[in-house]
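J.:
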Amino acid sequence: MSAHSHAHDDHHGDGASHGTFKSYLIGFILSVILTAIPFWLVMDSVLDSKVATALWIMGLGVVQIVVHMVYFLHMNTKSEGGWNMLALIFTIVIVAIAIAGSLWVMYHLNTNMMPQMDHEMIKSFG
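Plus 773 on top of the position in the sequence shown (first one is 1) and you've got our numbering.
#1: Mind reading off the beta-carbon distance from Tyr-844 to Ser-875? Whole number of angstroms is fine, and I expect it under 8 Å.
#2: Excluding the 5 residues preceding and the 5 following Val-836 in the sequence, name in chain order all residues of the same chain whose CB lies nearer than 8 Å to its CB.
#3: Using the three-state DSSP reduction, which class does Val-819 fall into: helix, strand or coil?
#4: Output the distance between the C-alpha atoms of Met-858 and Gly-792, rounded to the nearest integer angstrom.
#5: Grab me the residues of Val-824's own chain with a C-beta within less than 8 Å of its C-beta, minus the 5 sequence neighbours each way, in chain order.
#6: Give the secondary structure of Asn-883 by DSSP, where H, G and I count as helix, E and B as strand, and everything else as coil.
#7: What is the rounded straight-line gap between the Cα of Met-848 and the Cα of Leu-803?
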């Protein structure tokens with residue numbers, strides 16, 4: 774047995790999932806569907822509310838991220854001894870904190886600073 778084949782065999786013992794043609798095909802089909810649905814929602818104005826449309830698009834985007842992670846990046850609880858999943862959870866928490874903090878700051882800046890500007894604009898136009 775050569776050194777290369779031995780090292781390759783050891784690689785398969787890490788618990789990581791390796792994709793098959795069927796899994797890549799399933800991932801591709803799901804990705805196409807999850808891309809086509811938001812396109813259809815917007816182009817045909819299926820929903821009356823723009824907010825509802827945006828929420829559906831964001832929800833389908835999150836589902837598509839999960840599809841990519843499972844079918845193309847092969848992320849699961851077994852790969853790398855679970856460290857991939859732990860790193861993903863940590864990343865999601867940090868991003869959620871950053872987004873929530875940014876939205877909180879922007880909301881409070883808008884609430885606390887814009888009323889004066891609106892009042893001044895009414896005086897200048899009125």
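Quick reminder that beta carbons are idealized off the backbone N, C-alpha and C, glycines included.
T.: Checking against the coordinates, here is how it stands:
#1: That pair is no contact at about 31 Å.
#2: Leu-807
#3: coil
#4: 18 Å
#5: none
#6: helix
#7: About 17 Å.
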